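There are 2 protein chains.
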Amino acid sequence: MTGKEIRRSLPLFPISTVMELTDLSARQIRYYEEHGLVSPARTKGKLRMFSLNDIDKLLEIKDLLDQGINIAGIKQIFAMKELQKEQASKILVRKGEISDKELRKILREELMREGQFHRPHLRQGDMSRFYH
Amino acid sequence: MTGKEIRRSLPLFPISTVMELTDLSARQIRYYEEHGLVSPARTKGKLRMFSLNDIDKLLEIKDLLDQGINIAGIKQIFAMKELQKEQASKILVRKGEISDKELRKILREELMREGQFHRPHLRQGDMSRFYH
DNA sequence: AAATTGATGTTAGAAAATATAACATAAGAA
DNA sequence: TTCTTATGTTATATTTTCTAACATCAATTT
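Pasting the structure below:
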């Protein structure tokens, strides 16, 4: 994993912050977790702590729900995305066509494109707008 | 204020997160607030909530303390920085030499330079390393 | 139409995190 | 030595978050 990805997966935010940033209720956030759509970290005392990636995922969930897709569908979509990422990397790396480093760059760009193509109308789903 | 500046001043982090990111104790953070060096926002229930700017400031405080400067000195330094910013903008804008937009860009660059010259050895003080 | 399901709201009670305030202390300055 | 400064520690109150249960309402299914 790259340094950037590590940073984006640091659990920094309490649920109250996530509620404000996503405009989701605590109930909704916990429900999505219950169904395996997000897996926020926990403090020693079991309180949920969310990363930037978690928040992006919640914004994506919100958007997909708005599009009329239900929880089961979203779960499938997320699973497919994971598969795609894995497969792409395996194929490319096995073929020796690219280095591990280059691969990560490509995957990152691919995710960018996803944002543009699969959700062309989306205003949400990119926590980076909260930072520089 | 630019969008970026707004985002950097959003109160998003509880004190526990700030403790981990800065390696300061809650006691230290509250003590610095008591002496006016930081002013974190408060929730409705009076809990402190910190912004990226607050965290940067705490990292700067920590560094200045490590350099042997005491709280009073740090307060002065911060006050001077504020003055500098204000004066620079007033002079330039009154002279009509630059637009408001350009001014902000210059000030940002100036802050960057501060970081390089006044704290050349510093590894801290830039929260951006936690994000992309 | 009635019953079921899915997503969310609401409430209650417990546990965790944070608040303030007071007292303690170690190192350095006066 | 005594005082000051920065920080630790502890106690108690308040706020936030937790889980779990029950409620609701719209959309499906029977």
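Taken in sequence, the protein lines are chains X and E. Take 7 as the starting number for the first sequence in the working numbering and just add one per residue. Take 7 as the starting number for the second sequence in the working numbering and just add one per residue. Note that CB positions come from ideal geometry on N, CA and C, so glycine has one too. Remember, it's a predicted structure, so these values are computed and weren't measured experimentally.
At least 8 Å separates the beta-carbon of Ser22 of chain E from that of Ser57 of chain E. For Pro20 of chain E, a Cβ of chain X is located within less than 8 Å of the residue's own Cβ.
When the beta-carbon positions are compared, Val44 of chain X and Tyr38 of chain X come within less than 8 Å of each other. When Cβ-Cβ separations below 8 Å define contact, Thr23 of chain X makes contact with chain E.
Looking at the DSSP output, Phe19 of chain E sits in a beta bridge with E:Phe56. Straight-line spacing of the CA atoms in Leu30 of chain E and Phe19 of chain E works out to 14 Å. Nearest C-alpha to Arg54 of chain X among X:Glu66, X:Glu40, X:Ala85, X:Met86: X:Glu40. For Lys101 of chain E, there is no enclosing alpha helix (DSSP H), as DSSP gives it neither H nor E. Scanning its chain for C-beta atoms nearer than 7 Å, with the 5 sequence neighbours on each side dropped, one finds around Val24 of chain E the residues Ile35, Phe56, Ile61, Leu64, in chain order. Excluding its 5 nearest sequence neighbours in each direction, Gly42 of chain E has C-beta neighbours in its own chain below 7 Å: Lys81, listed in chain order. Assignment of beta-bridge partners to Arg48 of chain X by DSSP yields X:Arg54. According to the DSSP assignment, Gly9 of chain E belongs to the alpha helix (DSSP H) that extends over 9-14. Shown here, Leu30 of chain X sits in coil according to DSSP, grouped into three states, outside any helix or strand. In this structure, Lys68 of chain X and Thr28 of chain X form a Cβ contact; the two beta carbons are roughly 6 Å apart against a cut-off of 8 Å. Rounded to the nearest whole angstrom, the CA to CA distance from Pro17 of chain E to Asp72 of chain E is 26 Å. Around the C-beta of Glu66 of chain X, 16 or more other C-beta atoms lie within 10 Å, and the residue is accordingly described as buried.
Residues of the same chain with their beta carbon placed closer than 6 Å to that of Ile75 of chain E are lacking, with the five preceding and five following residues left out of the count. Here DSSP, grouped into helix, strand and coil, assigns Ile77 of chain X to helix.
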